[in-house]
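Mind the numbering: the sequence shown is residues 1 to 186 in the UniProt record's numbering, read in order. Every residue, glycine too, gets a C-beta built ideally from N, C-alpha and C. As structure tokens, the structure follows; a few thoughts come after it.
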Amino acid sequence: MVSACPCGTERPYGQCCKPFHDNAQLPATAEQLMRSRYSAFALGLGHYLAHTVPAEKAATYNFDDIARQQTRWTSLEIVRTDAGSATDNVGYVEFIARFIENGQAGFQHEKSRFLRKNGKWLYIDGVNPLQSTRSAPSLNDATITQPASPVPEASLAGKTITTPTVGRNDPCPCGSGRKYKKCCGG
1 MVSACPCGTE
11 RPYGQCCKPF
21 HDNAQLPATA
31 EQLMRSRYSA
41 FALGLGHYLA
51 HTVPAEKAAT
61 YNFDDIARQQ
71 TRWTSLEIVR
81 TDAGSATDNV
91 GYVEFIARFI
101 ENGQAGFQHE
111 KSRFLRKNGK
121 WLYIDGVNPL
131 QSTRSAPSLN
141 DATITQPASP
151 VPEASLAGKT
161 ITTPTVGRND
171 PCPCGSGRKY
181 KKCCGG
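So, in structure tokens, the structure goes:
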């Protein structure tokens, strides 16, 4: 049986994010990079995450910790994409990533900023669009030198726990419609 890609496209992993994770091809759009990064978090692929940020940012994180996390990523919803096409150099992807950690369901809502350098999309930073009082940098700002209140990604400090502990017989917060014990809690 071929498993669906964690990024939510419903395509098989081998035909979706795996070619990016294996460095067989580069994401053509900012949204493809966003989805492949989400899948890398879900699968514990810290090495891939390190290759999707600027070198100076990668040097400050221990991406190997991603594989040891207790977070179970359950779904990704792309809320909005601004620019970030194959012909753009800057793009923004707003998303909601749902997870379960220590028996609690939560979500991370972020508007991520991406920059394409030498044909390769890179994650620059992200802000919580519900808490941000600054407007996002202009799409014409190709230099992207100052982060806009970045969400610390390696520590996942940008997560917001939103619901109490999930009971075994409660509906699974991943949205499958099944009981938690028969789904993500099993």
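For this session: Would you mind sorting Gly91 into buried or exposed? The rule is 16 or more other CB atoms within 10 Å of its CB.
Result: Around the C-beta of Gly91, 16 or more other C-beta atoms lie within 10 Å, and the residue is accordingly described as buried.
Problem set entry | Euclidean distance between Cα positions of Phe63 and Glu77 | 23 Å
For this session: Out of Cys17, Ile96, Lys111, state which residue places its alpha-carbon closest to the alpha-carbon of Pro129.
Result: Lys111
For this session: Report the three-state DSSP secondary structure of Leu139 (helix, strand or coil).
Result: Residue placement at Leu139 cannot be trusted, given a pLDDT of 39 that sits under 50; what the coordinates show is reported in the next sentence. Three-state DSSP puts Leu139 in coil, outside helix and strand.
For this session: Can you give me the Cβ contacts of Ser149 inside the same chain, cut-off strictly under 6 Å, excluding the 5 residues immediately before and after it?
Result: Caution applies to Ser149, whose pLDDT of 36 falls short of 50 and renders its modelled position unreliable; the model cannot decide the point.
Problem set entry | Span separating the alpha-carbon of Trp73 from that of Ala42 | 5 Å
For this session: Note down the Cα distance separating Lys57 from Asp125, rounded to an integer number of angstroms.
Result: Rounded to whole angstroms, Lys57 to Asp125 spans 10 Å at the Cα level.
Exercise. So, is Glu10 buried or exposed, given that buried needs 16 or more other C-beta atoms within 10 angstroms?
Worked result: exposed
Exercise. Who are the Cβ neighbours of Glu31 in its own chain at under 8 Å, not counting the five residues just before and after it?
Worked result: Ile78, Thr81, Gly84, Gly91, Val93
Exercise. Chain B beta carbons: is any one of them nearer than 8 Å to that of Cys5?
Worked result: No chain B appears in the structure shown, which is made up of a single protein chain.
For this session: For my contact list, Phe20 and Ser36 are in at a C-beta cut-off of 8 Å; report their separation, rounded to the angstrom.
Result: Phe20 to Ser36, Cβ: 4 Å. Contact.
Exercise. What is the residue span of the beta strand (DSSP E) that Phe41 lies within?
Worked result: Counting along the chain, Phe41 falls outside any beta strand (DSSP E), though it belongs to the alpha helix (DSSP H) covering 30 to 43.
Exercise. Using a Cβ-Cβ cut-off of 8 Å (strictly less than) and excluding sequence neighbours within five positions of Ala50, which residues of its own chain qualify?
Worked result: Ala58, Tyr61, Phe63
Exercise. So the alpha helix (DSSP H) Gly46 belongs to, where does it begin and stop?
Worked result: 46 to 50
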